[in-house]
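Colleague:
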Amino acid sequence: MSNTSFLTPGDLLADGAVRETAEPGRSDAFLPAPQVQNHAANLAILPDGALACVWFAGTQEGVPDISVWFSRLEAGEQQWSTPVQLSDDPTRSEQNPVLFVRDSGEVWLLWTSQHAGNQDTARVLRRISPDGGLTWGEAHVLLPETDAGGVFVRQPVIRLGSGRLLLPVFHCVKIDGRKWVGDRDYSGAMISDDDGTTWREVVVPNSVGCVHMNIVVQQDGSLIALYRSRWADHIYRSVSTDDGDSWSAPVPTELPNNNSSVQVVARADGTLAVVYNQSSALDATARRVSLYDEIDDDGLADGTDAAESPLDDGDARAAFWGAPRAPMTLAISSDGGLTWPVRRDLDAGDGYCLTNNSRDGSNREFSYPSIVEGSDGRLHIAYTYFRQAIKYVQLDSDRVVGA
555 MSNTSFLTPG DLLADGAVRE TAEPGRSDAF LPAPQVQNHA ANLAILPDGA
605 LACVWFAGTQ EGVPDISVWF SRLEAGEQQW STPVQLSDDP TRSEQNPVLF
655 VRDSGEVWLL WTSQHAGNQD TARVLRRISP DGGLTWGEAH VLLPETDAGG
705 VFVRQPVIRL GSGRLLLPVF HCVKIDGRKW VGDRDYSGAM ISDDDGTTWR
755 EVVVPNSVGC VHMNIVVQQD GSLIALYRSR WADHIYRSVS TDDGDSWSAP
805 VPTELPNNNS SVQVVARADG TLAVVYNQSS ALDATARRVS LYDEIDDDGL
855 ADGTDAAESP LDDGDARAAF WGAPRAPMTL AISSDGGLTW PVRRDLDAGD
905 GYCLTNNSRD GSNREFSYPS IVEGSDGRLH IAYTYFRQAI KYVQLDSDRV
955 VGA
């Protein structure tokens, strides 16, 4: 079932009001947009039952005015709050925020911080809220940049029954004499057995090109991870049966991927629900060199058109950028992500994303989704809409797979 919409930026009513749609059991909202560009939402349910959303906003991804913003939807209410800014480093682009709610009610905000468009300079910062997201402590570095490159996050921390914490990361590898484009990125899981005081990393084997590792816990206690593919071919999958101490090598699933983010949640009924773009490089008519080919060395957007020629050094696969980021699709699996027979589009359009410039309104992507399940079985989904605003979709439990 498809619910197609194709708005121009001028049509967006980004007032935060949650409204019922013509589709039974579905409500939508556009969160208030504090800046020209708004991207990379992540959702979490706070200790008081409110739904929180964090994302990054500013002039353009990679530019130093990009920072983290936070809004909340109080339990039982139909209005997202006015966003508040939670990071402010004028020398770095601050991206990919995630929230982690601890059993104590403390909330962690994690995000990445990089120089200009160079993800191989990224480090991971953290702020801690002692009161469920109402106030926040000072920012501090949780995971520093390494000699080999930058450390990035996109997916939330997972707490296992043993108390172990797993923080999925990916490494943006430096290549001498070349600007970062993502060709050597790989994934790992940071593990803490002392409630986040210290961390060690388990690298996912053969994971070059597999990023945005997203871990969920199966009902039998095993772990499933899904990955974005730099090759823009498929969503990849790996498993762990020892609480994350080792992982199988990622293998492609039947779902396509366009080198853009996905997110999966383990539902109370044992199924998995993933939100992603039903597209890949096979759907592309042109391509970019990288995500940041509009960012000059000084960290400013130059406004040039995206390049269409592939970048390949002859001895390895090259990351593919520019595949359409549409439709935004929800899929359900009953076998741990091996097959995904139930699929429905939440938004459809051409998904044009050969530019990262939001000021001219030419980007038409639906991307970087986040998904959580409420205690009542409702699914809460948020994703980038045209890089102009964050769209929120709420689905009643009996309408998850459509009418």
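Heads up, the sequence shown is in our numbering, so the first residue is 555 and it goes up one at a time.
The beta carbon of each residue, even a glycine, is placed where N, CA and C say it ideally should be.
Given the structure is predicted, the values throughout are model-derived calculations rather than measurements.
Relative to the C-alpha of L908, which residue among F920, G876, A885 and A827 is closest?
Modeller: Here the question's residue 908 lines up with position 354 in the sequence shown. The option with the nearest alpha carbon to L908 is G876.
Colleague: Please state whether DSSP places L679 in a helix, a strand or coil.
Modeller: The residue labelled residue 679 in the question sits at position 125 within the sequence shown. If DSSP states are grouped into helix, strand and coil, L679 belongs with the strands.
Colleague: Enumerated in chain order, which unbroken segments of the beta strand (DSSP E) with a length of 3 residues or greater are wholly contained in the region 825-853?
Modeller: Within the region 825-853, the complete beta strand (DSSP E) runs of at least 3 residues are 826-831.
Colleague: Within the same chain, show all residues whose beta-carbon is closer than 7 Å to that of R573, passing over the 5 residues directly before and after it, in chain order.
Modeller: To locate residue 573, count along the sequence shown from 1; it is residue 19. Once the five neighbours on either side are set aside, the close Cβ partners of R573 are S581, D582 and A583.
Colleague: In or out: S814 buried (at least 16 other Cβ within 10 Å) or exposed?
Modeller: Sequence index remark: in the sequence shown, residue 814 carries index 260 (1-based). Per the 10 Å Cβ criterion, buried.
Colleague: Taking the alpha carbon of I769 as the point to measure from, which residue in T752, P804 and D748 has its own alpha carbon closest?
Modeller: On the sequence shown, position 215 is the one that residue 769 refers to. It is P804 whose Cα lies nearest to the Cα of I769.
Colleague: For Y946, which residues in the same chain have their Cβ closer than 8 Å to its Cβ, ignoring the five residues on either side in sequence?
Modeller: Residue 946 sits at position 392 when you count from the first residue of the sequence shown. So the qualifying residues of the chain are V572, D582, A583, F584, L585, C607, L627, W634, H934, I935 and A936.
Colleague: Assign G691 to buried or exposed, taking buried as 16 or more other Cβ atoms, counted over all protein chains shown, within 10 Å of its Cβ.
Modeller: Residue mapping note: residue 691 aligns to position 137 of the sequence shown, counting from 1. That one is exposed.
Colleague: Classify P644: buried if its beta carbon has 16 or more other beta carbons within 10 angstroms, exposed otherwise.
Modeller: In the sequence shown, the residue the question calls residue 644 occupies position 90. Result: exposed.
Colleague: Between R953 and the rest of its own chain, which residues show a CB-CB distance below 7 Å, the 5 nearest in sequence each way excluded?
Modeller: Translated into the one-based positions of the sequence shown, residue 953 becomes position 399. Around R953: P578, G579 and R580.
Colleague: Does the beta-carbon distance from R738 to V756 come in below 8 Å?
Modeller: For the purposes of this step, residue 738 is taken as the residue at position 184 of the sequence shown. For the purposes of this step, residue 756 is taken as the residue at position 202 of the sequence shown. No, the pair does not count as a contact, with Cβ atoms beyond the cut-off.
Colleague: Please work out which residues of its chain come closer than 6 Å, Cβ to Cβ, to V818, disregarding the five sequence neighbours upstream and downstream, and give them in chain order.
Modeller: Here the question's residue 818 lines up with position 264 in the sequence shown. N768, V770, L780, L826 and V828, listed in sequence order.
Colleague: Going by the beta-carbon positions, is the gap between F610 and I599 smaller than 8 Å?
Modeller: Residue mapping note: residue 610 aligns to position 56 of the sequence shown, counting from 1. Residue mapping note: residue 599 aligns to position 45 of the sequence shown, counting from 1. Cβ atoms of F610 and I599: not closer than 8 Å.
Colleague: Quick one: is H766 near chain C, going by C-beta distance under 8 Å?
Modeller: Note that chain C does not occur in the displayed structure, where there is just one protein chain.
Colleague: Please list, in chain order, all residues of the same chain as G671 whose beta carbon is under 6 Å from its beta carbon, the five residues on each side excluded.
Modeller: Counting from one through the sequence shown, the residue named residue 671 turns up at place 117. The answer, listed in chain order, is G616, Y846 and I849.
Colleague: Suppose you measure from the CA of G868 to the CA of A594; what does that come to, to the nearest Å?
Modeller: Indexing the sequence shown from 1 puts residue 868 at position 314. Indexing the sequence shown from 1 puts residue 594 at position 40. The predicted model places G868 with a pLDDT of 47, which falls under 50 and marks its position as unreliable; any figure quoted below should be read in that light. If I take the Cα positions, the gap works out to 32 Å.
Colleague: Based on the DSSP secondary-structure assignment, which residues constitute the bridge partners of I935?
Modeller: Here residue 935 refers to the residue found at position 381 when the sequence shown is read from its first residue. Partner(s): I925 and V947.
Colleague: Excluding the 5 residues preceding and the 5 following S888 in the sequence, name in chain order all residues of the same chain whose CB lies nearer than 7 Å to its CB.
Modeller: Here residue 888 is taken as the residue at index 334 of the sequence shown, counted from 1. Around S888: T825.
Colleague: Count the other C-beta atoms from every protein chain shown that fall within 10 angstroms of the C-beta of A822, then say buried if there are 16 or more, exposed otherwise.
Modeller: Residue mapping note: residue 822 aligns to position 268 of the sequence shown, counting from 1. Exposed, because fewer than 16 other Cβ atoms sit within 10 Å of the Cβ of A822.
Colleague: State the CB to CB distance for the pair L696 and R718, rounded to an integer number of angstroms; the pair is presumed to be in contact (CB under 8 Å).
Modeller: Counting from one through the sequence shown, the residue named residue 696 turns up at place 142. Counting from one through the sequence shown, the residue named residue 718 turns up at place 164. That pair is no contact at about 17 Å.
Colleague: Fully enclosed by the region 681-725, which beta strand (DSSP E) runs are 3 residues long or longer?
Modeller: Entirely contained in the region 681-725, the beta strand (DSSP E) runs reaching 3 residues are, in chain order, 694-697 and 703-706.
Colleague: Where in the region 786-812 do unbroken runs of the beta strand (DSSP E), each at least 3 residues long, occur, reported from the N-terminal end onward?
Modeller: Complete beta strand (DSSP E) runs here, min 3: 788-794 and 805-810.
Colleague: I need the boundaries of the beta strand (DSSP E) containing C607, first residue and last residue.
Modeller: Residue 607 sits at position 53 when you count from the first residue of the sequence shown. L605 to G612 is the span of the beta strand (DSSP E), which, as asked, contains C607.
Colleague: My output table needs one value for D674: the three-state DSSP class, helix, strand or coil.
Modeller: Translated into positions along the sequence shown, residue 674 becomes position 120. Residue state, collapsed to three classes: strand.
Colleague: With distances taken Cα to Cα, identify the nearest neighbour of V638 among N596, P588, L653 and A604.
Modeller: As a first step, residue 638 must be located in the sequence shown, where it is residue number 84. Nearest C-alpha to V638: P588.
Colleague: With a threshold of 16 other CB atoms inside 10 Å of the CB of D701, please say whether the residue is buried or exposed.
Modeller: Here residue 701 refers to the residue found at position 147 when the sequence shown is read from its first residue. That one is exposed.
Colleague: Here's the rule: buried if 16 or more other CB atoms are within 10 angstroms of the residue's CB, otherwise exposed. What is A629?
Modeller: Your numbering for residue 629 matches position 75 in the sequence shown. Per the 10 Å Cβ criterion, exposed.
Colleague: Just curious, the beta strand (DSSP E) that D748 is in, first and last residue?
Modeller: If you number the sequence shown from 1, residue 748 lands on position 194. From DSSP, D748 is part of no beta strand (DSSP E); its letter is neither H nor E.
Colleague: Assuming Y939 and F920 are in contact, meaning their beta carbons sit under 8 Å apart, how far apart are those beta carbons, in whole angstroms?
Modeller: By one-based count along the sequence shown, residue 939 stands at place 385. By one-based count along the sequence shown, residue 920 stands at place 366. The Cβ separation is near 6 Å, so the contact holds.
Colleague: If we ignore side chains and look at the alpha-carbon of each, how far apart do D799 and D930 end up?
Modeller: For the purposes of this step, residue 799 is taken as the residue at position 245 of the sequence shown. For the purposes of this step, residue 930 is taken as the residue at position 376 of the sequence shown. Going by the C-alpha atoms only, they are around 33 Å apart.
Colleague: Classify R953 as helix, strand or coil using the three-state DSSP reduction.
Modeller: Working through the sequence shown from its first residue, we reach residue 953 at position 399. Residue state, collapsed to three classes: helix.
Colleague: Rounded to whole angstroms, what is the Cα-Cα separation between D837 and P810?
Modeller: For the purposes of this step, residue 837 is taken as the residue at position 283 of the sequence shown. For the purposes of this step, residue 810 is taken as the residue at position 256 of the sequence shown. Near 10 Å, if we compare the C-alpha coordinates of P810 and D837.
Colleague: Taking the beta strand (DSSP E) that I886 falls in, what are its first and last residues?
Modeller: Residue numbering aside, residue 886 sits at position 332 when the sequence shown is read from its first letter. Per DSSP, I886 belongs to the beta strand (DSSP E) from M882 to S887.
Colleague: Using only alpha-carbon positions, find the residue among G686, L605, R656 and Q591 that is nearest to Q649.
Modeller: One-based indexing of the sequence shown puts residue 649 at position 95. Out of G686, L605, R656 and Q591, Q591 has the C-alpha closest to the C-alpha of Q649.
Colleague: What residue does the beta strand (DSSP E) around P651 start on, and which one ends it?
Modeller: Numbered from 1 along the sequence shown, position 97 holds the residue referred to as residue 651. Here the beta strand (DSSP E) through P651 covers S647 to V655.
Colleague: When the Cα atoms are used, what is the spatial distance from S783 to A873?
Modeller: The residue given as residue 783 occupies position 229 in the sequence shown. The residue given as residue 873 occupies position 319 in the sequence shown. Distance between the alpha carbons of S783 and A873: 8 Å.
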